[in-house]
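Enquirer:
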Amino acid sequence: FGDLSLPPEQRTQGDALYVIMEGQVAIVDEGPPRKGLSKLEEGDFFGEMALLSNKARGATAQAMEPSELMVVDRHLFRELCEEDPEILRVLLSFYRARSVARLLNTNPVFASLSANDHQALQGRFRFLEVEPGVSLIRTGVMPKGLMTMLHGTAEAVTDEGKVLGQITDGDVFGEASLITGDAPKNSVRAATQCWVIELPSRDFQKIMAARPKAKAYVVLIIAKRARQNLKNR
Numbered sequence: 102f103g104d105l106s107l108p109p110e111q112r113t114q115g116d117a118l119y120v121i122m123e124g125q126v127a128i129v130d131e132g133p134p135r136k137g138l139s140k141l142e143e144g145d146f147f148g149e150m151a152l153l154s155n156k157a158r159g160a161t162a163q164a165m166e167p168s169e170l171m172v173v174d175r176h177l178f179r180e181l182c183e184e185d186p187e188i189l190r191v192l193l194s195f196y197r198a199r200s201v202a203r204l205l206n207t208n209p210v211f212a213s214l215s216a217n218d219h220q221a222l223q224g225r226f227r228f229l230e231v232e233p234g235v236s237l238i239r240t241g242v243m244p245k246g247l248m249t250m251l252h253g254t255a256e257a258v259t260d261e262g263k264v265l266g267q268i269t270d271g272d273v274f275g276e277a278s279l280i281t282g283d284a285p286k287n288s289v290r291a292a293t294q295c296w297v298i299e300l301p302s303r304d305f306q307k308i309m310a311a312r313p314k315a316k317a318y319v320v321l322i323i324a325k326r327a328r329q330n331l332k333n334r
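Residues in the sequence shown are numbered consecutively from 102, following my numbering.
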């Protein structure tokens, strides 16, 4: 990738949507390790994920050649969405697609899969928007799939209401029951408004059966979470 950095840098606060009028831009995960995620060209846009979620940027945008951008700041963005709600609907659609693509490229559960595997999984994920207080996982009820928190905070809680830990952006959950076949012993409840993507159980099980590296990583997550829950009880 080129070296001409643009204003949007990973882990800084998002405040604008950028539209490429001319040139090429690389979207890079700073890692470690540093990894290119995608290349954007004239007519493409970026910055919508941080703008919509009001969270720090999840990647760095870097010019691959001299580029001309149109910047739509937060105030103008809100005005445009009020005038035409379809703009927000389209951006949310891109947000979901890019969130799934980023997850597949960076999360160790999926990063070891082939490009063909990634392509096959792209359309399998469900997008869930959950209000505070709603349960994402219920004690004794098998989860429908593997969940990943895109934006928001959830809490793992016992039946007595004791909080065992928090689930935040990028965290995977629901994996223990899907691996062991045992129903969850604790619930997961949204503490804030949450955006979650869910991979159906059947697709997750196929990955675990075919990809030992992915399964090994999930087993490590399960062991770490079990130790944390015991410590917090």
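For glycine and all other residues, C-beta sits at the position ideal for the given N, C-alpha and C. On a predicted model such as this, the values are computed, not experimentally measured, just so you know.
Whole angstroms are fine: how far does the CA of P167 sit from the CA of D304?
Expert: Approximately 42 Å between the Cα atoms of the pair.
Enquirer: What residues in its chain sit with their C-beta under 7 Å from that of E123, if we drop five residues either side in the sequence?
Expert: Hits under 7 Å: E143, S168, E169.
Enquirer: With respect to the beta strand (DSSP E) encompassing E187, which residues constitute its N-terminal and C-terminal limits?
Expert: Premise fails: E187 lies in the alpha helix (DSSP H), 186-207, not in any beta strand (DSSP E).
Enquirer: Any idea what DSSP makes of A284, helix, strand or coil?
Expert: Note: A284 maps to coil in three-state DSSP.
Enquirer: Given a cut-off of 8 Å, decide if I238 and G100 are closer than it, judged by their beta-carbon atoms.
Expert: Lying before the first or after the last residue shown, residue 100 is absent from the chain, which here runs from 102 to 334.
Enquirer: With a threshold of 7 Å, establish whether the CB of P233 neighbours any heavy atom of the ligand NAD.
Expert: Of ligands this structure carries none, so the ligand NAD is not represented either.
Enquirer: When we look at the beta-carbon of P186 and count the other beta-carbons within 10 Å, is it buried (16 or more) or exposed?
Expert: Exposed, since its Cβ has fewer than 16 Cβ neighbours within 10 Å.
Enquirer: Report the residue from C182, L189, R225 whose alpha carbon sits nearest the alpha carbon of A202.
Expert: Ranking C182, L189, R225 by Cα distance to A202 puts R225 first.
Enquirer: For a test of the three-state rule: what should DSSP assign to Q294, helix, strand or coil?
Expert: If DSSP states are grouped into helix, strand and coil, Q294 belongs with coil.
Enquirer: Just how far apart, CA to CA, sit V320 and L177?
Expert: In a straight line, the C-alpha of V320 is about 46 Å away from that of L177.
Enquirer: Determine which residues share a DSSP beta bridge with Y318 and list them.
Expert: According to DSSP, which records beta bridges pairwise, Y318 is partnered with nothing at all.
Enquirer: Report, in whole angstroms, the separation of the C-beta atoms of T249 and S288, which I expect to be a contact under 8 Å.
Expert: Contact doesn't hold; Cβ gap of about 18 Å is too wide.
Enquirer: Suppose only complete runs of 3+ residues qualify. What are the beta strand (DSSP E) ranges in the stretch 238-273, listed by chain order?
Expert: Counting only runs of 3 or more, we get 246-252, 255-258, 264-268.
Enquirer: Per the DSSP calculation, T161 is bridged to which residue(s)?
Expert: Looking at the DSSP assignment, T161 forms a beta bridge with V129.
Enquirer: Can you give me the C-alpha to C-alpha distance between P134 and S215, rounded to a whole angstrom?
Expert: Their Cα atoms are separated by approximately 19 Å.
Enquirer: Hey, how far is the Cα of L300 from the Cα of I268?
Expert: For L300 and I268, the distance between alpha carbons rounds to 17 Å.
Enquirer: Whose C-beta lies closer than 6 Å to the C-beta of L105 among residues of the same chain, with five residues either side of it excluded?
Expert: For L105, the predicted model reports a pLDDT of 41, less than 50, meaning its position is unreliable; a value from the coordinates is still stated below. A164.
Enquirer: Using CA atoms only, rank isn't needed, just tell me which of V129, L141, I128 is closest to I121.
Expert: Closest option to I121, Cα to Cα, is L141.
Enquirer: To the nearest angstrom, report how far apart H219 and R328 are at their CA atoms.
Expert: C-alpha separation (whole angstroms): 31 Å.
Enquirer: Check this for me: beta carbons of V258 and A284, under 8 Å apart or not?
Expert: Taking 8 Å as the Cβ cut-off, V258 and A284 do not qualify as a contacting pair.
Enquirer: Name the DSSP bridge partner or partners of L118?
Expert: Paired residues: V173.
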